[in-house]
Amino acid sequence: MIGLAYSLKGEIRSLLRSADARPLETVAGAEVYEIEPGILACLGGVGKVNAAMSAQLFIDRYHPEWIVNAGVAGSFLDLPIGTIVLAKDFVQHDVDTTVMGDPIGMVSTVDRVDFPTSEPERLSGILTAQGVAHQVGRVATGEVFMTRGERADWVAKTFSPVLCEMEGGAIAQVCLRNGVKFTALKSVSDRLCQENSTTEYFNYGKAMAKLNAVVLPFARELERQR
Numbered sequence: 430m431i432g433l434a435y436s437l438k439g440e441i442r443s444l445l446r447s448a449d450a451r452p453l454e455t456v457a458g459a460e461v462y463e464i465e466p467g468i469l470a471c472l473g474g475v476g477k478v479n480a481a482m483s484a485q486l487f488i489d490r491y492h493p494e495w496i497v498n499a500g501v502a503g504s505f506l507d508l509p510i511g512t513i514v515l516a517k518d519f520v521q522h523d524v525d526t527t528v529m530g531d532p533i534g535m536v537s538t539v540d541r542v543d544f545p546t547s548e549p550e551r552l553s554g555i556l557t558a559q560g561v562a563h564q565v566g567r568v569a570t571g572e573v574f575m576t577r578g579e580r581a582d583w584v585a586k587t588f589s590p591v592l593c594e595m596e597g598g599a600i601a602q603v604c605l606r607n608g609v610k611f612t613a614l615k616s617v618s619d620r621l622c623q624e625n626s627t628t629e630y631f632n633y634g635k636a637m638a639k640l641n642a643v644v645l646p647f648a649r650e651l652e653r654q655r
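Residue numbers for the sequence shown follow the working numbering, so the first one is 430 and each next one is one higher.
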């Protein structure tokens with residue numbers, strides 16, 4: 430079974446309308462839907478705590494083979510809004526225990542900085558076969574809606590991510606500890622790069638339209654091949 434992990438109601442709304450979806454339950458505020466046989470979706474909320482809690486609840490109650498985190502994100506590269514990015518790995522840019530001698534971004538207990546996704550080359554091949562133009566790269570997660578400025582510049586320089594967002598790194602950590610395969614599909618909604626500052630900076634609707642055209646066909650193929 431494939432689990433789709435979303436954070437915002439606006440990100441999942443069109444999926445619920447386009448599919449023959451039905452609500453299954455709401456647990457501790459996390460809403461779970463059956464999109465179709467073999468594909469469930471969880472609406473977990475914004476931020477790392479909400480994402481981690483809902484991912485663990487979803488794993489405990491439904492035992493998915495894969496979790497696919499889907500949503501929008503800001504881009505550090507000069508990518509058009511709506512560009513689809515398949516995550517290669519995640520880092521958590523707001524974790525800092527360097528005073529204890531740790532490298533920046535190292536998450537204790539698991540003692541690692543990077544959280545790899547599962548089989549990115551094969552999943553990139555699925556997208557290519559479906560005619561989906563996409564990028565593959567690192568995503569940085571943290572408890573901040575990033576805007577242009579010194580913090581964004583520091584994250585870009587320190588971790589070299591393609592994107593930043595607020596949930597994926599936490600879900601990646603939960604999946605790693607539970608032995609569940611994990612990947613993420615993100616659509617560029619805002620452009621944090623400093624170049625071409627006169628071009629469109631933010632467009633949530635356009636990003637979601639591109640994402641929603643990709644996620645369900647991708648999940649169906651992943652379920653077929655798993």
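Glycine residues also receive a C-beta, built at the ideal position from the N, C-alpha and C atoms. As the structure is a prediction and not an experimental result, all values here were calculated from the model.
Can you round the beta-carbon distance between residue i and residue j to whole angstroms, since I take them to be within the 8 Å contact cut?
i           : j           : result
residue 571 : residue 523 : 4 Å
residue 448 : residue 645 : 7 Å
residue 443 : residue 641 : 5 Å
Determine whether the beta carbon atoms of residue i and residue j lie at a separation below 7 Å.
i           : j           : result
residue 511 : residue 616 : yes
residue 472 : residue 435 : yes
residue 614 : residue 499 : yes
residue 688 : residue 565 : Missing from the structure shown is residue 688; the chain here goes from 430 to 655 and no further.
residue 612 : residue 552 : yes
residue 534 : residue 528 : no
residue 567 : residue 619 : no
residue 601 : residue 481 : no
residue 513 : residue 607 : no
residue 643 : residue 536 : no
Counting only the same chain and skipping the five closest in sequence on each side, list residues whose C-beta sits under 6 Å from that of residue i.
i           : result
residue 508 : 617
residue 569 : 520, 522, 584, 588, 590 and 593
residue 440 : 500
residue 460 : 472
residue 483 : 459, 471 and 473
residue 538 : none
CB-CB under 7 Å to residue i, same chain, minus the five flanking residues each way: which ones, in chain order?
i           : result
residue 458 : 474
residue 635 : 510 and 511
residue 648 : 431, 433, 468 and 497
residue 454 : 461
residue 659 : Look at the range of the chain in this structure, 430 to 655, and you will see that residue 659 is not part of it.
residue 576 : none
residue 544 : 518, 519, 598, 601, 602 and 605
residue 531 : none
Between which two residues does the beta strand (DSSP E) carrying residue i extend?
i           : result
residue 498 : 495-504
residue 465 : 459-465
residue 434 : 431-435
residue 448 : No beta strand (DSSP E) contains residue 448, which DSSP labels as neither H nor E.
residue 468 : 468-472
residue 566 : 563-570
residue 552 : Careful: residue 552 lies outside any beta strand (DSSP E), inside the alpha helix (DSSP H) at 549-558.
residue 489 : No beta strand (DSSP E) contains residue 489, which is instead part of the alpha helix (DSSP H) from 477-491.
residue 621 : Element bounds for residue 621: n/a, residue is neither H nor E.
residue 513 : 513-521
residue 594 : 592-594
Within a Cβ cutoff of 8 Å, which residues of the same chain sit near residue i, ignoring the five residues on either side of it in sequence?
i           : result
residue 610 : 494, 495, 496, 547, 548 and 604
residue 595 : 436, 475, 476, 477, 480, 570, 571, 572, 573 and 574
residue 492 : 430
Taking the continuous alpha helix (DSSP H) assigned at residue i, which residues delimit it?
i           : result
residue 633 : 633-654
residue 582 : 579-588
residue 597 : 597-607
Check whether the Cβ of residue i lies closer than 6 Å to any heavy atom of the ligand SAM, and answer yes or no.
i           : result
residue 446 : As for the ligand SAM, it is missing from this structure, which has no ligand bound.
| request: Evaluate the contact criterion for the region 464-473 versus the region 586-595: three or more CB pairs, one atom per stretch, below 8 Å. | output: The region 464-473, when compared against the region 586-595, does not touch it at the 8 Å Cβ threshold.
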